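First the structure, in the form of structure tokens, and then the observations on it.
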Amino acid sequence: MREFVPPPRTYTGPGSITALADSIEGENVHVITDDGIVEAGVLDDVLDHLPVEPTVHTDVSANPTRETVLELATRVSDADYVVGVGGGSAMDATKAACTLPAFPDDVARTLEVSPETRVTKSDRATPFVLVPTTAGTGTETGYWAVISDHDRGEKRSIGHPSMLADVAVLDPECTESLPPKVTAATGFDVVTHAVESLVANGASTITIPYSRRAYALATASLRTAVLEGDDLAARTRMLEASYLAGVAMNNAGLGAVHAISHAIGGEYDLPHGHVNAVLLPTVVRENGNRSARVREQFASIVESTGPAHELLADQLRRLRRDVGLDELPAETPAEWAWDDISSFAVDNINMQTNPIQYTESEITDLCRDVFE
Ligand SMILES: [Fe+2]
């Protein structure tokens, strides 16, 4: 038996932000976002379309912590409706803040939330809508959130079906102010979600079409979205690709690229999508070398005939070059703690759904190959 959790009610395309007015119910509305969204002027556009004057919380950091989401949960506990506006961090903080109060106190405090958690009270504390301002994480479609837990020194993925948004709004004008470098890195995260979910151990007849369509849309539109940032059609397709890849990965899982990039992200402050862009072609080639099933799935998204994993790796390298992600991120450290990174990566949840189970020393060799 396989479970498939469908995405929420969704509005997409230029002007879809106007759907907020009819979606939100009640008088006591709160908005959760971050300072970057305010500075970019995106929040003003959202506020213009709310039916009431909301209470705004702008203090979500780049990696929301357990303390932040518990504090936000208290602040929005009397809200009729919450609007989460931003990239993955603000949306994940919204999902957690609106949902944690539905769980027993000890579960909420320790973030021991998983899909198997039995909820004893209502399934959901507060209804919410998510408005992504990057085409990247796809978190608006799923019930997982990444929260940093400094007590344990780790980023944790928490998830439960009750954490699914009520409504998602994919308006390309909310991503229009993103600079090219951020558009490129977040867009390559979408490509990585599509490719990894396509061959993940949890991939199924239902998820695979989402992965394929996400790959086709993202690879056809990312160059334009990066080089001509005001092209709203390309921005729309990237948001839709992010969303489709999000549906696939939430139900199929990801793979070794994300296991390694989350391990690297725990040690160094590097752009997630850029790290994925560095790793993806090599992991594609390695996974394909070792699995006929993987080569067969890759053949369904490359247009030429030949060894599909090699062709796909070449396509990805060309895309990476064209969107300016060929160089390593500027923040790359002089020395890498590969032992720590490999030991974390091998146990990371994303490695469990990679089609090949790599050893720590194989991960170290692969990382040295691409990063040094
Ligand atoms: Fe990602």
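So for the sequence shown, the working numbering puts the first residue at 148; every next one is plus one.
The beta-carbon is built from N, C-alpha and C at its ideal position, and this holds for glycine as well.
All of these numbers come straight from a predicted model, not from anything done at the bench.
Which residue or residues does DSSP assign as beta-bridge partners of residue i?
i	result
Glu301	Asp296
Leu277	Gly231, Ala315
Gly306	Trp291
Thr212	Ser295
When the Cα of residue i is compared with those of the options, which residue comes out closest?
i	options	result
Arg359	Asp336, Ala388, Glu375	Ala388
Glu474	Thr281, Val422, Asn398	Val422
Met310	Thr286, Val316, Glu150	Thr286
Pro428	Ala439, Ser489, Leu472, Ala363	Leu472
Pro248	His307, Lys302, Leu386	His307
Ala315	Ala484, Leu167, Thr500	Leu167
Ser261	Cys514, Ile496, Pro161, Asp195	Ile496
Asp416	Ala209, Met148, Ser170, Thr202	Ala209
His340	His405, Glu301, Ala372, Thr371	His405
Pro418	Gly334, Ala403, Asp487	Gly334
Ser304	Thr371, Leu258, Asp486	Leu258
Pro327	Asp469, Ser447, Asp206, Arg299	Asp469
Gly402	Ala367, Asp313, Val329, Val493	Val493
Ala424	Leu466, Leu513, Tyr390	Leu466
Phe518	Ala460, Ile411, Ala446	Ile411
Asp182	Gly162, Gly234, Arg222	Gly234
Thr558	Ala381, Ser224, Leu325	This structure leaves residue 558 out entirely; the chain is present only between 148 and 519.
Thr212	Asp296, Val373, Trp485, Phe445	Asp296
Arg464	Thr366, Tyr390, Thr284, Asp227	Thr366
Leu190	Thr180, Leu458, Val152	Thr180
Gln462	Ile407, Ala381, Glu200, Val342	Val342
Pro161	Asp192, Arg149, Pro153	Asp192
Asp298	Glu214, Leu426, Pro201	Glu214
Cys245	Pro279, Glu200, Asp313	Asp313
Ala372	Ala332, Ile355, Pro356	Ala332
Thr330	Lys302, Thr354, Pro279	Pro279
Going by DSSP, what residue range makes up the alpha helix (DSSP H) through residue i?
i	result
Val254	252 to 257
Trp485	485 to 494
Phe335	327 to 346
Gly285	Element bounds for Gly285: n/a, residue is neither H nor E.
Gln504	Run containing Gln504: none; DSSP gives neither H nor E here.
Gly393	379 to 399
Ser358	354 to 374
Leu426	419 to 437
Gly412	403 to 414
Arg467	455 to 469
Val189	189 to 195
Glu186	182 to 186
Asn451	Here the sequence assigns Ser to residue 451, which means Asn is not the residue at that position. Run containing Ser451: none; DSSP gives neither H nor E here.
Asp169	167 to 170
Starting from residue i, trace the beta strand (DSSP E) in both directions and tell me its first and last residue.
i	result
Thr157	156 to 159
His177	176 to 179
Thr202	202 to 204
Please classify residue i as buried or exposed, where buried requires at least 16 neighbouring CB atoms within 10 angstroms.
i	result
Ser451	exposed
Val178	buried
Gln504	exposed
Arg440	exposed
His204	buried
Arg437	exposed
His196	buried
His409	buried
Ala481	exposed
Ala392	buried
Gly231	buried
Met385	buried
Glu478	exposed
Val216	buried
Pro476	buried
Phe250	buried
Arg515	exposed
Phe445	buried
Would you say residue i reaches chain D, if we count a Cβ-Cβ gap shorter than 8 Å as a contact?
i	result
Lys302	The structure shown contains no chain D; it holds only a single protein chain.
Would the stretch 177 to 195 and the stretch 250 to 267 be scored as touching if the rule is three or more Cβ pairs under 8 Å? no
Would you check if there are 3 or more beta carbon pairs closer than 8 Å linking the stretch 397 to 415 to the stretch 280 to 295? yes
With three or more C-beta pairs closer than 8 Å as the rule, is the stretch 245 to 265 touching the stretch 157 to 167? no
Mind the definition here: the stretch 240 to 251 touches the stretch 275 to 282 only if three or more C-beta pairs lie below 8 Å; say whether that holds. yes
Taking contact to mean 3 or more Cβ pairs, one atom from each stretch, closer than 8 Å, check whether the stretch 316 to 327 and the stretch 427 to 447 are in contact. no
Could you check whether the stretch 169 to 177 touches the stretch 372 to 388, counting it as contact only if at least three pairs of C-beta atoms, one from each stretch, sit closer than 8 Å? no
Is there contact between the stretch 494 to 502 and the stretch 347 to 367, where contact requires at least three CB pairs shorter than 8 Å? yes
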